[in-house]
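Down below is the structure, laid out as structure tokens.
Protein chains in written order, with this note's numbering: chain A, 1 to 138; chain B, 1 to 138.
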């Protein structure tokens with residue numbers, strides 16, 4: 001299960017030293033963090049992060065939007081640096097107009113998408129204007 | 001809560017396309033994955049991953065060992081590339097003798113450790129002989 005609430009609270013003993021670090025953030029804390037647009041409207045929540053096993057880099061944060069109990073929900077793979085943390089909102093900010101986000105690469109629960117596929121990866125990185133997470137040499 | 005079982009199973013609709021990727025792995029899947037030593041003995045499980053917000057790189061995977069219901073448990077921050085996934089074991093392998101792991105940098109639930117502190121970071125990277133996750137220029 002995605003941790004929709006525990007992601008933003010760290011009350012477990014042992015969590016405290018990790019969650020209070022500044023430059024580092026635990027994946028658990030990222031999971032469930034809300035994402036807002038430039039107007040401060042909540043778009044959805046970060047459901048998970050995809051890690052590139054070879055480089056140890058976060059390839060994508062998966063933003064989940066819409067739906068009800070998982071039905072009709074759409075998953076948007078976002079390059080990590082598209083997200084900016086906003087202390088006041090207590091969540092990430094993404095400066096992308098709603099109509100742009102609607103046409104952003106995304107998939108539903110019933111769609112077979114291979115995030116590992118570089119053509120799909122290029123689609124994502126082209127859309128957001130970011131450098132791909134992979135090194136072409138690897 | 002750390003996802004001790006959901007980390008290794010991906011049955012939720014929408015998980016399938018993410019979990020089947022080869023080079024990429026979801027943080028949710030890493031969380032709860034067992035870690036074994038060279039003798040195939042289970043040492044503990046990966047509790048969480050710490051992400052460097054600036055570079056988007058995984059700084060550490062947190063290995064939790066011992067204890068009962070969180071009491072007496074020790075948390076070992078491991079550099080990402082110390083872990084090797086073993087298909088047969090269905091978990092990570094760490095080629096570190098038990099007596100070495102005992103003296104590895106670790107903390108208990110009641111200890112205040114700042115993982116963000118570079119002196120602590122150097123201790124970890126010196127111990128495992130890995131390059132620090134940070135770029136000295138940032």
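Ideal Cβ positions, reconstructed from N, Cα and C, are used throughout, including at glycine.
As the structure is a computational prediction, the values presented were derived from the model and not from experiment.
Rounded straight-line distance, which links the Cα of residue j to that of residue i
| i | j | result |
| --- | --- | --- |
| residue 120(A) | residue 114(A) | 7 Å |
| residue 11(A) | residue 28(B) | Summary for residue 11(A): the model assigns pLDDT 37, below 50, so the residue's position carries little reliability, and this model does not support an answer. |
| residue 122(B) | residue 50(A) | 26 Å |
| residue 97(A) | residue 103(A) | 10 Å |
| residue 21(A) | residue 134(B) | Here residue 21(A) scores only 47 on pLDDT, less than 50, and its place in the model is too uncertain to base an answer on. |
| residue 126(A) | residue 124(B) | 37 Å |
| residue 61(B) | residue 85(A) | 22 Å |
| residue 128(B) | residue 67(B) | 24 Å |
| residue 40(A) | residue 94(A) | 10 Å |
| residue 99(A) | residue 99(B) | 57 Å |
| residue 81(B) | residue 118(B) | 19 Å |
| residue 116(B) | residue 116(A) | 31 Å |
| residue 38(A) | residue 37(B) | 48 Å |
Distance cut-off 7 Å: residue i Cβ against heavy atoms of the ligand GTP
| i | result |
| --- | --- |
| residue 37(B) | Absence of the ligand GTP from the depicted structure is noted, as is the absence of any ligand whatsoever, leaving it without description. |
Whether residue i touches residue j by CB criterion (8 Å)
| i | j | result |
| --- | --- | --- |
| residue 43(B) | residue 101(B) | yes |
| residue 105(B) | residue 132(B) | no |
| residue 24(B) | residue 137(A) | no |
| residue 45(A) | residue 79(A) | no |
| residue 64(B) | residue 47(B) | yes |
Which of helix, strand or coil DSSP assigns to residue i
| i | result |
| --- | --- |
| residue 23(A) | coil |
| residue 36(A) | strand |
| residue 60(B) | strand |
| residue 102(B) | helix |
| residue 54(A) | coil |
| residue 82(A) | helix |
Nearest-angstrom beta carbon gap, residue j and residue i [assumed within contact, 8 Å]
| i | j | result |
| --- | --- | --- |
| residue 57(B) | residue 56(A) | 6 Å |
### Task
Decide if the segment 86 to 104 of chain A is in contact with the segment 30 to 37 of chain A; the criterion is three or more beta carbon pairs, one per stretch, under 8 Å apart.
Yes: the two stretches touch, three or more of their Cβ pairs being nearer than 8 Å.
### Task
Please confirm if the segment 65 to 81 of chain A is in contact with the segment 105 to 112 of chain A, defined as three or more CB-CB distances below 8 Å between the two stretches.
With the cut-off at 8 Å, the segment 65 to 81 of chain A and the segment 105 to 112 of chain A touch.
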